[in-house]
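The block underneath contains the structure these notes are about, expressed in structure tokens.
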Amino acid sequence: MKHAVVTGGAGFIGSHLVDRLVSEGFAVWVLDNLATGSWDNLAQHPDQTVHRIFADVSEPWNMDALPGSIDVVFHLASPASPVHYRRLAVETLMVNSQGTKHALDAARRYQARFLLASTSESYGDPTVSPQPESYWGHVNPVGPRSCYDESKRFGEALTAEYVRSYGLDARILRFFNCYGPRMQSEDGRVVPNFVRQALAGQPLTVYGDGHQTRSFCYVSDEVDAIWRAAVTDNLAGEIINIGNPEERTILNFAEAVAAIAGIPLTVEPRPLPPDDPTNRCPDITKARTLLGWEPQVGLEEGLKATFAYFRGQSPN
Ligand code: UDP
1 MKHAVVTGGA
11 GFIGSHLVDR
21 LVSEGFAVWV
31 LDNLATGSWD
41 NLAQHPDQTV
51 HRIFADVSEP
61 WNMDALPGSI
71 DVVFHLASPA
81 SPVHYRRLAV
91 ETLMVNSQGT
101 KHALDAARRY
111 QARFLLASTS
121 ESYGDPTVSP
131 QPESYWGHVN
141 PVGPRSCYDE
151 SKRFGEALTA
161 EYVRSYGLDA
171 RILRFFNCYG
181 PRMQSEDGRV
191 VPNFVRQALA
201 GQPLTVYGDG
211 HQTRSFCYVS
221 DEVDAIWRAA
231 VTDNLAGEII
241 NIGNPEERTI
251 LNFAEAVAAI
261 AGIPLTVEPR
271 PLPPDDPTNR
281 CPDITKARTL
291 LGWEPQVGLE
301 EGLKATFAYF
311 RGQSPN
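Just so you know, we're using our numbering here: the sequence shown kicks off at 1 and counts up by one.
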């Protein structure tokens, strides 16, 4: 049986990744401090298959809790919602720097493959669209989002250096906006906010003029990309965007949510948070070419499944 370590495996994307790994025959060691995740997301797995280790991966790792061999380390641990990473700003900086170093060191020690979950925030407020991996970004290094953006960029730099200096078999994925079941309803991101508000018959809180754009990838597509990146050879040092290239304005997204909910769209305007990126759309040419991947789940299908989860009809 193959062995995987998933930091942040009790979180939204992490727990779906654990499901996939288990279905592919892996035993998984999940390291999580539950800052934004929950063991409830892994309740479907017995302890013999999914080993739950309560740990802050920014602190030195207790190797005694890990198995004798590890095939792959996935480093996903980090707050990812702007509301959460503002609240946990220093913790976010540490998990993406010190935590990344600990995860890389573990992969090096076990001669395991390594996968870094990075972010489209590496591009900041981009001046080119769509964003290819070759774009260096346009990031405020000291703004309210920098605890996330700059620490993820540092994590990328550190990972790239472990490939160059130590020959680690590491790859970097830049996740664009992802959504689906197991997002926390109160995490402040646009998907849970709008879905929760629509279900309660409340106006949707649109920040700014709603003309800023995002691209929303359903979680099963996201996890399929992570899986492919993990099992594909010759990707050491590669950086790959993972996201849905269908770009839409937040206002248009609000319309889509209202339509699925079957309610007329009413909007409650709110101020735009500082440094909120004006646009975001992945160029997924590399994902198509290197992973043979592209998203399969359209917005309507994905939103329906997300609504079902938030209605409590679909706990997993
Ligand atoms: N947003 C919004 N209403 C909300 C929450 C977010 O209009 O209730 C906007 C936010 O300003 C941003 C976009 O939706 O432009 C996506 O925000 P989110 O927090 O989901 O993630 P981000 O892409 O900013 O990391």
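From the three backbone atoms N, C-alpha and C, an ideal C-beta is built for every residue, glycine too.
Same chain, Cβ closer than 7 Å to residue i, five either side skipped, listed in chain order
| i | result |
| --- | --- |
| aspartate 71 | Lys2, His3, Ala4, Ala112, Arg113 |
| threonine 306 | Tyr179, Gly180, Pro181, Val191, Val195 |
| serine 151 | Thr92, Leu93, Asn96, Ser97 |
| alanine 27 | Met1, His3, Thr49 |
| glycine 143 | Pro274, Asp275 |
| tyrosine 110 | Ser69, Ile70 |
| glycine 201 | Ile263 |
Beta-bridge pairing of residue i - partner residues as DSSP gives them
| i | result |
| --- | --- |
| threonine 7 | Leu31, His75 |
| tyrosine 148 | Its beta-bridge partners do not exist; DSSP assigns none. |
| glutamate 268 | Thr205 |
| asparagine 241 | Arg174 |
| lysine 286 | DSSP output for lysine 286 lists no bridge partner at all. |
| lysine 2 | Phe26 |
| alanine 117 | Leu173 |
| cysteine 217 | Cys178 |
| phenylalanine 310 | Per DSSP, none; premise fails for phenylalanine 310. |
| phenylalanine 54 | Asp32 |
| threonine 249 | Thr213 |
| glycine 124 | His138 |
| glutamine 131 | Pro282 |
Local Cβ density within 10 Å of residue i, reported as buried at 16 or more and exposed below that
| i | result |
| --- | --- |
| tyrosine 166 | exposed |
| glycine 99 | buried |
| phenylalanine 54 | exposed |
| alanine 157 | exposed |
| valine 6 | buried |
| glutamine 48 | exposed |
| arginine 311 | exposed |
| tryptophan 293 | buried |
| serine 23 | exposed |
| aspartate 78 | The sequence given here has serine at residue 78, not aspartate. Buried. |
| threonine 289 | exposed |
| lysine 286 | buried |
| glycine 302 | buried |
| proline 60 | exposed |
| histidine 138 | exposed |
| aspartate 19 | buried |
| proline 141 | exposed |
Option nearest residue i by Cα separation, candidates the options
| i | options | result |
| --- | --- | --- |
| histidine 211 | Glu121, Glu247, His51 | Glu247 |
| alanine 80 | Asp19, Thr159, Asp149, Asp169 | Asp149 |
| glutamate 268 | Ala261, Ile226, Ile250, Gly25 | Ile250 |
| aspartate 64 | Ala106, His45, Ser23, Pro82 | Ala106 |
| arginine 87 | Ala35, Gly8, Leu204 | Ala35 |
| tyrosine 207 | Ala308, Lys304, Asp275 | Asp275 |
| histidine 16 | Trp227, Ala200, Ala236, Asn279 | Trp227 |
| tyrosine 135 | Pro126, Leu21, Gln202, Val223 | Pro126 |
| leucine 272 | Pro82, Asp19, Phe12 | Pro82 |
| leucine 235 | Leu104, Ala160, Val18 | Ala160 |
| serine 120 | Pro295, Gly243, Tyr309 | Gly243 |
| threonine 278 | Gly124, Leu66, His102 | Gly124 |
| leucine 21 | Tyr309, Leu104, Gly155, Val73 | Val73 |
Cβ-based neighbour list, residue i, same chain, cut-off 8 Å, excluding 5 preceding and 5 following
| i | result |
| --- | --- |
| arginine 52 | Ala10, Val30, Asp32, Trp39, Leu42 |
| aspartate 283 | Pro130, Gln131, Pro132, Glu133, Asn241, Pro245 |
| aspartate 187 | Thr36, Ser81, Val83, His84 |
| alanine 89 | Cys147 |
| proline 203 | Gln197, Thr266, Val267, Glu268 |
Spatial neighbours of residue i in its chain, beta-carbon cut-off 6 Å, leaving aside the 5 residues before and after
| i | result |
| --- | --- |
| alanine 257 | The question names alanine, but residue 257 in the sequence shown is valine. Phe194, Ala198. |
| proline 315 | Confidence at proline 315 is low in this model, with a pLDDT of 41, below 50, so the placement of that residue should be treated as unreliable; the coordinate-derived value is given next. Nothing listed; no residue qualifies. |
| arginine 270 | Thr205, Tyr207 |
Closer than 6 Å: residue i CB and nearest the ligand MN heavy atom
| i | result |
| --- | --- |
| proline 82 | In the structure shown, the ligand MN is absent; the only ligands present are the ligand UDP. |
Rounded Cβ spacing between residue i and residue j (contact assumed at less than 8 Å)
| i | j | result |
| --- | --- | --- |
| alanine 229 | leucine 173 | 6 Å |
| glutamate 300 | isoleucine 260 | 7 Å |
| threonine 213 | arginine 145 | No, threonine 213 and arginine 145 are not in contact; Cβ-Cβ is about 17 Å, not under 8 Å. |
| phenylalanine 216 | asparagine 177 | 5 Å |
| leucine 115 | arginine 171 | 6 Å |
| aspartate 209 | glutamine 296 | Not confirmed; about 32 Å, so no contact. |
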